[in-house]
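For the record, the sequence lines run as chains A and B.
Numbering-wise (the working numbering), the first sequence opens with residue 1 and increments by one.
Numbering-wise (the working numbering), the second sequence opens with residue 1 and increments by one.
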Amino acid sequence: MTAVVQVENISKRFRLYHERHRSVKDRIIHPGGGTYTDLQALDDVSFSIDAGQTVGILGRNGSGKSTLLKCICGVLKPNEGQILVRGTLAGLLELGAGFQPELSGRDNVYLSGSMLGFSRKDVDRLFDSIVEFSELEGFVDTQVKFYSSGMYVRLAFAVAVNVDPDVLVVDEVLAVGDERFQAKCMDRIRQFQLEGRTIMLVSHNADQVRSLCDRAIVLDHGRMIADGPSGDSVRIFREALSADSRSVDAEAPVNVSISIESVTTSTGRFAAHTNEAFGFEVALTSNESFDGFFVMELHTHDGTLVTRTDPTTAPVSLSPGHQRLAVSLPALPLLDGDYELSVGLLSGFGHSVAAWREQVATLEVSYDGRASGLVPLAPRVNLA
Amino acid sequence: MSDSPPPARRPVEDRPVRIVSARPSIGLRFKEIWESRELLSYFVITDIKIKYKASALGILWSMFAPAATLAIYWVVFGKILPNSVPNFALFLFAGLLIWNFFFGVIITSTSVVVDRAGIVKKVAFPREILALSTVGTSFVYFLIQCGVMVIFMLALWHPPAWGMLWLLPLSIFALAVFAGSLGILLSAINVYLRDTRHLIEVALQLWFFLTPIVYSFEHQISKKLHHVAVGNDHILNLTWLYFLNPVTPIVMTFQRVIYAQPTVRATSVPHVPYSVLPTWPTSTYLLLNLGVLAAGLVLFAIAITVFGRLEGNFAEEL
Ligand SMILES: Nc1ncnc2c1ncn2[C@@H]1O[C@H](COP(=O)(O)OP(=O)(O)OP(=O)(O)O)[C@@H](O)[C@H]1O
Ligand SMILES: [Mg+2]
Numbered sequence: 001m002t003a004v005v006q007v008e009n010i011s012k013r014f015r016l017y018h019e020r021h022r023s024v025k026d027r028i029i030h031p032g033g034g035t036y037t038d039l040q041a042l043d044d045v046s047f048s049i050d051a052g053q054t055v056g057i058l059g060r061n062g063s064g065k066s067t068l069l070k071c072i073c074g075v076l077k078p079n080e081g082q083i084l085v086r087g088t089l090a091g092l093l094e095l096g097a098g099f100q101p102e103l104s105g106r107d108n109v110y111l112s113g114s115m116l117g118f119s120r121k122d123v124d125r126l127f128d129s130i131v132e133f134s135e136l137e138g139f140v141d142t143q144v145k146f147y148s149s150g151m152y153v154r155l156a157f158a159v160a161v162n163v164d165p166d167v168l169v170v171d172e173v174l175a176v177g178d179e180r181f182q183a184k185c186m187d188r189i190r191q192f193q194l195e196g197r198t199i200m201l202v203s204h205n206a207d208q209v210r211s212l213c214d215r216a217i218v219l220d221h222g223r224m225i226a227d228g229p230s231g232d233s234v235r236i237f238r239e240a241l242s243a244d245s246r247s248v249d250a251e252a253p254v255n256v257s258i259s260i261e262s263v264t265t266s267t268g269r270f271a272a273h274t275n276e277a278f279g280f281e282v283a284l285t286s287n288e289s290f291d292g293f294f295v296m297e298l299h300t301h302d303g304t305l306v307t308r309t310d311p312t313t314a315p316v317s318l319s320p321g322h323q324r325l326a327v328s329l330p331a332l333p334l335l336d337g338d339y340e341l342s343v344g345l346l347s348g349f350g351h352s353v354a355a356w357r358e359q360v361a362t363l364e365v366s367y368d369g370r371a372s373g374l375v376p377l378a379p380r381v382n383l384a
Numbered sequence: 001m002s003d004s005p006p007p008a009r010r011p012v013e014d015r016p017v018r019i020v021s022a023r024p025s026i027g028l029r030f031k032e033i034w035e036s037r038e039l040l041s042y043f044v045i046t047d048i049k050i051k052y053k054a055s056a057l058g059i060l061w062s063m064f065a066p067a068a069t070l071a072i073y074w075v076v077f078g079k080i081l082p083n084s085v086p087n088f089a090l091f092l093f094a095g096l097l098i099w100n101f102f103f104g105v106i107i108t109s110t111s112v113v114v115d116r117a118g119i120v121k122k123v124a125f126p127r128e129i130l131a132l133s134t135v136g137t138s139f140v141y142f143l144i145q146c147g148v149m150v151i152f153m154l155a156l157w158h159p160p161a162w163g164m165l166w167l168l169p170l171s172i173f174a175l176a177v178f179a180g181s182l183g184i185l186l187s188a189i190n191v192y193l194r195d196t197r198h199l200i201e202v203a204l205q206l207w208f209f210l211t212p213i214v215y216s217f218e219h220q221i222s223k224k225l226h227h228v229a230v231g232n233d234h235i236l237n238l239t240w241l242y243f244l245n246p247v248t249p250i251v252m253t254f255q256r257v258i259y260a261q262p263t264v265r266a267t268s269v270p271h272v273p274y275s276v277l278p279t280w281p282t283s284t285y286l287l288l289n290l291g292v293l294a295a296g297l298v299l300f301a302i303a304i305t306v307f308g309r310l311e312g313n314f315a316e317e318l
């Protein structure tokens, strides 16, 4: 396999000035220069992405995701290390592709194409498919400054995916498009995957990362804390989040620390039958009494979220110490297959995670009927 | 999932590799600038388009400021302070043509990176292109003014010095290299020191009067520079100092070719003949122009180096 993006020991520091002297006048008045602290936005990050991989980047706000993508696109220069990119790269960095607001959509398409290294003739050839994809036929001659933010992203995305890039880099821009356009973008991304293109995307939607990417990288305070199959990385990311929310979230009980030790069944196996009851036990230790909610998730192997239960239907109160929760599902409306089980506890109003275990067990569901898919439905048919 | 076709292998082995690193070598930078020449032309075209769209009379409007300047200087330095140069307007025009070009490049390139922050923060391309694009834009306006000049000369039936006409492309090229290099340098500095533009405006005012545009070097300055008295009996020739200004040889070449008459008869009453322009041979003009070109090329190398050091932080400073 050929590495398409090779990131070698990248570090990036930002200088945060407490008092900025941005003019000659200020420099003369304050010859000492401003005071500043250095912020390590990326700290010795290295990885290599092979042709055809789809890689998700996860991390909290300010963890350096956008900075990393900007370095890969070449908009920012790292302080140390180097990045090799093979082939053409089309990037959508935080809100748009850098259009000139005073120019029309048409001119901006040509300008963007040119910045990606395409000649006028190449863009002539691509122009119609770009406009068609963006569905902005009526607006191509309108100045981009009169576009809505969704229209802006549409055009930017249309350019990026129609210029035949070897690498596509997307920084959580898709959230701005309407639902149908998002679906269209996802389709195009999947098509890119089938065509063997390399894709890197930042998303705060861990489920999306799990279902779309075969690999994910987790950044935390500029350091890479995980790089592996997206399921594993999502688990590490979620656990880091839950470890963190205890100290950060004002809503969360400050001192409570809960650890989920194990998830077991009475038989020792996670096997169930379609439409039959299923139960398991969660062993955990809490250092304080805690009132919150229980939540569980099931994912298929390819990362599709099958269910995330409604926490408000499952309130829990814990007393300090070791204890077990018995969880029972009266009927399991799932067809045969393997499902990854994740469990957690939410605190307060159910918004912050107090404890989380990602993919603690694989649930094997067996089914004797003939229906196929995820859920059994039994249509009754009568002559109407 | 089993029925989807196996992923196609997209061959990437022989695709070009781009390297992002803290300090790209100067050779790489030149190469990238050269490869972005089409982008350069786009910036020029869109720049003109934006200006053209922004005002109803478009390109014609862009000629208003130069025309007004010409008229003002003609009244002030030709009528109120009479200077006995025949066809003074044409003499003035020849110099202003060059000055407008130089001024346009320097003033717009100084703020060009800040003005285009939107794309500098989002897309990777050699940022030097931005400053160079102002050279292109100013050159287009220069060509339009040249057109007006030709009409003007036809109206006055004033022929240029045909034999020296070939000097003009060299001249404007030398000035473009110099101005572009200075522009690259200033565009980077302005990102860090945002009032550079104001300082440059002041500096350009002084620079204007250090260049023989509204006065004649040969007639009004030359002798004074030849005999600068220092102390009691030290006489220095400071002409060389005056010629350190690289705009001067270019302005004088244009005046020599367009105005074409080094020696004229004064318009005021004793119609004595005198020299408005130096009576140098063509080779002297050529050498001066080559000198400016050489200076421009050296400055270009310096500008690219300095720019490369400052450029790494553009996206975060904007
Ligand atoms: N231009 C800049 N100047 C100074 N600091 C910056 C700059 N850009 C980013 N930073 C800092 O670098 C850190 C990483 O920022 P970055 O934008 O990469 O985060 P992120 O992971 O993309 O966050 P988000 O999820 O909010 O998009 C942040 O702490 C931010 O304050
Ligand atoms: Mg970001």
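Glycine is no exception: its CB is placed at the ideal position from the N, C-alpha and C atoms.
As the structure is a computational prediction, the values presented were derived from the model and not from experiment.
Which word fits residue i, buried or exposed, when buried means at least 16 other C-beta atoms lie within 10 angstroms of its C-beta?
i      : result
B:L154 : exposed
A:R370 : exposed
B:T248 : buried
B:F64  : exposed
B:P66  : buried
A:G87  : buried
B:L293 : buried
A:R235 : buried
A:W356 : buried
B:K224 : exposed
B:S2   : Since pLDDT at B:S2 reaches only 42, below the 50 mark, its modelled position is unreliable, and no value is offered.
B:T263 : exposed
B:N289 : buried
B:D115 : exposed
B:W99  : buried
Residues of chain A with CB closer than 7 Å to the CB of residue i, please, in chain order.
i      : result
B:I119 : G98, Q100
B:V12  : T2, V4, A51, R86, G87, D166
Strictly below 8 Å CB to CB, what residues from chain B border residue i?
i      : result
A:F14  : E316
A:L103 : T46, K49, I50
In chain A, which residues lie less than 9 Å from residue i when you measure between Cβ atoms?
i      : result
B:G312 : L76, K77, P78, N79
Would you mind working out which of the options sits nearest residue i, comparing C-alpha positions?
i      : options                        : result
B:V216 : B:L60, B:S21, B:P16, B:P86     : Before going on, a small fix: residue 216 of chain B reads as Ser here, not Val. Cα-wise, what sits closest to B:S216 is B:P86.
B:F103 : B:A203, B:P273, B:R127, B:L318 : B:A203
B:T69  : B:I80, B:F93, B:M252, B:G180   : B:F93
A:T304 : A:L69, A:P31, A:N205           : A:N205
A:L335 : A:D368, A:F192, A:S342, A:S352 : A:D368
A:K25  : B:I184, B:L193, B:I80, B:V120  : B:L193
A:E195 : A:R210, A:P165, A:G177         : A:P165
A:M17  : A:I29, A:E8, A:L39, A:V4       : Note on identity: in this sequence residue 17 of chain A is Tyr, with Met being the wrong assignment. Closest by alpha carbon: A:L39.
A:T300 : A:V365, A:K77, A:F280, A:T265  : A:V365
A:A361 : A:S48, A:R269, A:V327, A:I10   : A:R269
B:I221 : B:L97, B:L28, B:T282, B:V276   : B:V276
For residue i and residue j, which I take to be in contact (beta-carbon distance under 8 Å), what is that distance rounded to the nearest angstrom?
i      : j      : result
B:V369 : B:F77  : This structure leaves residue 369 of chain B out entirely; chain B is present only between 1 and 318.
A:L363 : A:L298 : 7 Å
A:Y36  : A:R15  : 5 Å
A:L325 : A:L383 : No, A:L325 and A:L383 are not in contact; Cβ-Cβ is about 49 Å, not under 8 Å.
How would you list, in chain order, the residues of chain B whose beta-carbon sits under 9 Å from the beta-carbon of residue i?
i     : result
A:R27 : L193
A:S23 : L193, R194, D195, T196, H198
A:R65 : Reading off the sequence, residue 65 of chain A comes out as Lys, not Arg. By Cβ distance, chain B contributes nothing, its closest Cβ being about 15 Å from A:K65, past 9 Å.
Run down chain A in chain order and give the residues with a C-beta less than 8 Å from the C-beta of residue i.
i     : result
B:R15 : R86, G87, T88, D166
Are any of the Cβ atoms in chain C nearer than 7 Å to that of residue i?
i      : result
A:L284 : Among the chains of the structure shown, chain C does not appear; the protein chains present are A and B.
Can you name the residues of chain B whose CB is closer than 7 Å to the CB of residue i?
i     : result
A:V70 : The sequence as given places Lys at residue 70 of chain A; Val does not occur at that position. Ordered by position in chain B, the residues that pass the 7 Å Cβ test against A:K70 are A315.
Check: Quick one, which residues of the stretch 81-95 of chain A are near chain B if we go by CB-CB under 7 Å, in chain order?
Finding: Q82, I83, L84, V85, R86, G87, L93
Note to self: Any C-beta of chain B within less than 9 Å: which residues of the stretch 194-215 of chain A qualify?
What the structure shows: L194, E195, G196, R197, T198
Notebook entry, point to check: When Cβ atoms are compared, which residues of the stretch 181-203 of chain B fall closer than 9 Å to chain A?
Noted result: The residues in question are Y192, L193, R194, D195, T196, H198, L199.
Item checked: Contacting positions in the stretch 18-42 of chain B - beta carbon closer than 7 Å to chain A -> R18, I19, V20, S21, A22, E38, L39, Y42
Item checked: Contact residues within the stretch 33-63 of chain A, judged by C-beta distance below 7 Å to chain B -> A51, G52
Notebook entry, point to check: Between the stretch 206-223 of chain B and chain A, which residues of the former have CB atoms less than 8 Å from a CB of the latter, in chain order?
Noted result: none
Item checked: Residues, ordered as in the chain, of the stretch 107-137 of chain A that lie near chain B by beta-carbon distance below 8 Å -> D107, Y110, L111, S112, S114, M115, G117, S119, R120
Check: What residues in the stretch 110-137 of chain B bring their beta carbon closer than 9 Å to a beta carbon of chain A?
Finding: R116, G118, I119, V120, K121, K122, V123, A124, F125
Notebook entry, point to check: Got a sec: which bits of the stretch 292-306 of chain A sit with their beta carbon under 8 Å from any beta carbon on chain B, in order along the chain?
Noted result: D302
Check: What residues from the stretch 154-185 of chain A come within 7 Å of chain B, judged by C-beta to C-beta, listed N to C?
Finding: D166
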